[in-house]
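These protein sequence lines are chains A and B, in that order. Just so you know, we're using my numbering here: the first sequence kicks off at 34 and counts up by one. Just so you know, we're using my numbering here: the second sequence kicks off at 34 and counts up by one. The beta-carbon is built from N, C-alpha and C at its ideal position, and this holds for glycine as well. The next block holds one structure in the form of structure tokens; read it before the comments.
Protein chains: 2
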Amino acid sequence: MSKTSPPSAEVVPCCPPLTERPMTAEEAETAARMFKALSDPVRLRLFSAVASHAGGEACVCDISDVGVSQPTVSHHLKKLKEAGLLLSERRGTWVYYSVAPSVLAAMGQILTTAPAAA
Amino acid sequence: MSKTSPPSAEVVPCCPPLTERPMTAEEAETAARMFKALSDPVRLRLFSAVASHAGGEACVCDISDVGVSQPTVSHHLKKLKEAGLLLSERRGTWVYYSVAPSVLAAMGQILTTAPAAA
Chain A
34 MSKTSPPSAE
44 VVPCCPPLTE
54 RPMTAEEAET
64 AARMFKALSD
74 PVRLRLFSAV
84 ASHAGGEACV
94 CDISDVGVSQ
104 PTVSHHLKKL
114 KEAGLLLSER
124 RGTWVYYSVA
134 PSVLAAMGQI
144 LTTAPAAA
Chain B
34 MSKTSPPSAE
44 VVPCCPPLTE
54 RPMTAEEAET
64 AARMFKALSD
74 PVRLRLFSAV
84 ASHAGGEACV
94 CDISDVGVSQ
104 PTVSHHLKKL
114 KEAGLLLSER
124 RGTWVYYSVA
134 PSVLAAMGQI
144 LTTAPAAA
């Protein structure tokens, strides 16, 4: 019925490039939460496994080869979802995860080394 | 005597864009360590304060306005240095910190959303 915007059109309101100006306390809280989600090696591998999976999405069944149990995989995926880095959708037996592109773009922007274009 | 390469020419051997292929365990360890350094809001504000300071460098005396004590500022700057994100140089009374551009670039590359160019 209603039109939905493509996910990539949603802009996460955080944050300026680190080199542009000092972050405010509020911006730093938001950005630190995103970086924290990627500060665990296993979680980072799982995130990378989802991000690079064919079709841009994966279920737990697709990415169980990082050497941890399936409940641990599920736990980390939940954490990534809570941090806003992954989206999820249940289809039949499995929950499929995909990268939230706007969040990845926002994190990339923070780490941009060149001054941002006006 | 000897020629030194500009810092930006040093390439941190980590890591592929998250969307390119699943990270190896070793890559994830390295990248997670960098993200962990930015996972604290105060540390992130201090890093941003250094990164955006005039001349690209700052001493503790320049960035004491984030609401924490100077020893705490020094502690966080030390952590950022240990993680490889900041470089430091003592000049007289003060230690001056600057962003390690290759590390910032490496982190930005990890979060690149478009497939990397060959």
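Which residues mark the beginning and the end of the beta strand (DSSP E) in which V132/B is found?
-> By one-based count along the second sequence, residue 132/B stands at place 99. Run containing V132/B: 127 to 132, per the beta strand (DSSP E) assignment.
Could you tell me which of F80/A, C92/A, Q103/A, M56/A sits nearest to A61/B, measuring between CA atoms?
-> As a first step, residue 61/B must be located in the second sequence, where it is residue number 28. Taking only the C-alpha atoms, the option nearest A61/B is F80/A.
Identify which residue in P104/A, S72/A, T145/A has its Cα closest to the Cα of L118/A.
-> Here residue 118/A corresponds to residue number 85 of the first sequence, with the count starting at 1. Among P104/A, S72/A, T145/A, the Cα nearest to that of L118/A is on S72/A.
Can you give, in chain order, each stretch of the beta strand (DSSP E) that sits fully within the region 40 to 93 of chain B and has at least 3 residues?
-> 90 to 92
Through-space distance from C48/A to V132/B, alpha-carbon basis | Looking up residue 132/B in the second sequence gives position 99. Looking up residue 48/A in the first sequence gives position 15. Whole-angstrom Cα-Cα distance: 18 Å.
Do you know how far the Cα of S85/B is from the Cα of E53/A?
-> In the first sequence, residue 53/A corresponds to position 20, counting from 1. In the second sequence, residue 85/B corresponds to position 52, counting from 1. Answer to the nearest angstrom: the Cα atoms are 5 Å apart.
Would you verify that the beta carbon of K114/A is, or is not, closer than 7 Å to some beta carbon of chain B?
-> Counting from 1 along the first sequence, the entry for residue 114/A is found at position 81. No, its Cβ sits nowhere closer than 7 Å to a Cβ of chain B.
Residues of chain B with CB under 8 Å from K111/A, in chain order?
-> Within the first sequence, numbered from 1, the residue matching residue 111/A stands at position 78. Within 8 Å Cβ-Cβ: nothing; K111/A doesn't reach chain B, min ~18 Å.
What does S121/B pair with, by DSSP beta-bridge criteria?
-> For the purposes of this step, residue 121/B is taken as residue 88 along the second sequence, with counting starting at 1. According to DSSP, S121/B bridges with Y130/B.
Test: G141/B CB closer than 7 Å to a CB of chain A | As a working mapping, residue 141/B is identified with position 108 in the second sequence. Chain A, which has a Cβ nearer than 7 Å to the Cβ of G141/B, makes this yes.
Quick one: is S121/A near chain B, going by C-beta distance under 7 Å?
-> Along the first sequence, one-based indexing puts residue 121/A at 88. No, because no Cβ of chain B sits closer than 7 Å to the Cβ of S121/A.
At a Cβ cut of 9 Å, what residues of the region 91 to 107 of chain B count as close to chain A, listed as they run along the chain?
-> I96, D98, V99, G100
Report the rounded CA-to-CA distance for S107/B versus F68/B, giving the unit in angstroms.
-> Walking along the second sequence from the start, residue 107/B turns up at place 74. Walking along the second sequence from the start, residue 68/B turns up at place 35. Each residue's Cα considered, the two are about 19 Å apart.
Check whether the Cβ atoms of M140/B and L144/A sit closer than 7 Å, and answer yes or no.
-> One-based indexing of the second sequence puts residue 140/B at position 107. One-based indexing of the first sequence puts residue 144/A at position 111. Cβ atoms of M140/B and L144/A: closer than 7 Å.
How is D95/B classed by DSSP in three states: helix, strand or coil?
-> Here residue 95/B refers to the residue found at position 62 when the second sequence is read from its first residue. Helix, per DSSP.
For the alpha helix (DSSP H) containing L113/A, list its first residue and its last residue.
-> Position 80 of the first sequence holds residue 113/A. 103 to 115 is the extent of the alpha helix (DSSP H) around L113/A.
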